[in-house]
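Below is one structure, written out as structure tokens; comments come after it.
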Amino acid sequence: MPIDRRPLREQIKDEILDRLGKGEFAPEQAINEMVLAADLGVSRTPLREALIGLEREGIIVSERGKGFRFAPMSAKEFDDLTTIVAALESLALESTDPGFLRAVAPRLLEEARAFSVPEAEHAVIERYDDAWHDLLLSGCPNDRLMDLITSLKLTMHRYERVVVGDWEVLERSAEEHERIAERLVESDVEGAVEALKANWQSGKARILARLTER
């Protein structure tokens, strides 16, 4: 088993983000540090360091004398998050070696066509989308950029899971990933970036429509 040499606070932060993405914490839920530390098997000092880091990212908030709680959700924040992730993924794609993109493009197109359905359960769409985008960006040499994308997407998943729920059937544009892959097959990275931005824009619109209904 590989040894994780990152500071413990970073490992705790990632675990909290993972649980947040899975919908284990509710918006505005108060955080009992003693209970959470025991659940994670850590002391309160690195947990508090992790919570302070998450507060800087706007994922949790604190009030004097009341401790930490998870931040409330808003359509504006989700809009902002999606806009940022779309820009960062576009940068990651532009930073990838064109030769790598040409090599992986046929597989991306094959997998996009294999999941060419007009609607599916949200949990299925989420797993597929994450895996497909991970493959798309797997050649990006900027590790810090990829870590940031992963962290932000976990926060986005929190919105999606709370607003939609895992098993609700959603409409999806089955052709969006195909367009991205087709541009890469043609060595048109600029066109692929534009198709990627369009993919994020339509996905954002679908979730925002649900969020504003709440």
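Each residue of the sequence shown is one higher than the one before, counting from 1 in full-length UniProt numbering.
In this text, a Cβ means the ideal position worked out from N, Cα and C, and glycines have one as well.
Computed from a predicted structure; not experimentally measured.
Cβ distance (whole Å) where residue i is taken to contact residue j below 8 Å
| i | j | result |
| --- | --- | --- |
| I52 | I31 | Wrong, their Cβ atoms sit about 12 Å apart, outside the cutoff. |
| L101 | V189 | 6 Å |
| A50 | I12 | 4 Å |
| G21 | H157 | 4 Å |
| D79 | L184 | At roughly 28 Å, the Cβ-Cβ gap does not stay under 8 Å, so D79 and L184 are not in contact. |
| R48 | E33 | 7 Å |
| T82 | K204 | 4 Å |
| R113 | E178 | 6 Å |
| P46 | L8 | 4 Å |
| V85 | W200 | 7 Å |
| A192 | L93 | 6 Å |
| E24 | L40 | 12 Å between Cβ atoms; not a contact. |
| E176 | S202 | 7 Å |
| P98 | S43 | That pair is no contact at about 48 Å. |
Opposing strand residues paired with residue i [DSSP bridges]
| i | result |
| --- | --- |
| A114 | None, per the DSSP bridge assignment. |
| G67 | E63 |
| residue 223 | It is not possible to answer for residue 223, since the shown part of the chain is limited to 1 through 214. |
N-terminal and C-terminal residue of the alpha helix (DSSP H) that residue i is part of
| i | result |
| --- | --- |
| F25 | Segment: none, F25 is in no alpha helix (DSSP H) and carries neither H nor E. |
| V162 | D143 to V163 |
| G191 | V189 to E213 |
| L36 | E33 to L40 |
| G53 | R44 to R56 |
| S95 | A75 to S95 |
| E178 | E176 to V185 |
Host beta strand (DSSP E) of residue i (start-end)
| i | result |
| --- | --- |
| S62 | I60 to E63 |
Can at least three beta-carbon pairs, one atom from the segment 156-172 and one from the segment 88-95, be found at a separation below 8 Å?
no
Any 3 or more C-beta pairs closer than 8 Å across the segment 115-131 and the segment 70-77
no
Can at least three beta-carbon pairs, one atom from the segment 140-160 and one from the segment 105-112, be found at a separation below 8 Å?
Taking 8 Å as the limit for Cβ pairs, the verdict is that the segment 105-112 does not touch the segment 140-160.
Evaluate contact between the segment 158-169 and the segment 137-147, counting only Cβ atoms and requiring at least three cross-stretch pairs below 8 Å.
Between the segment 158-169 and the segment 137-147 there are fewer than three C-beta pairs closer than 8 Å, too few to call the two in contact.
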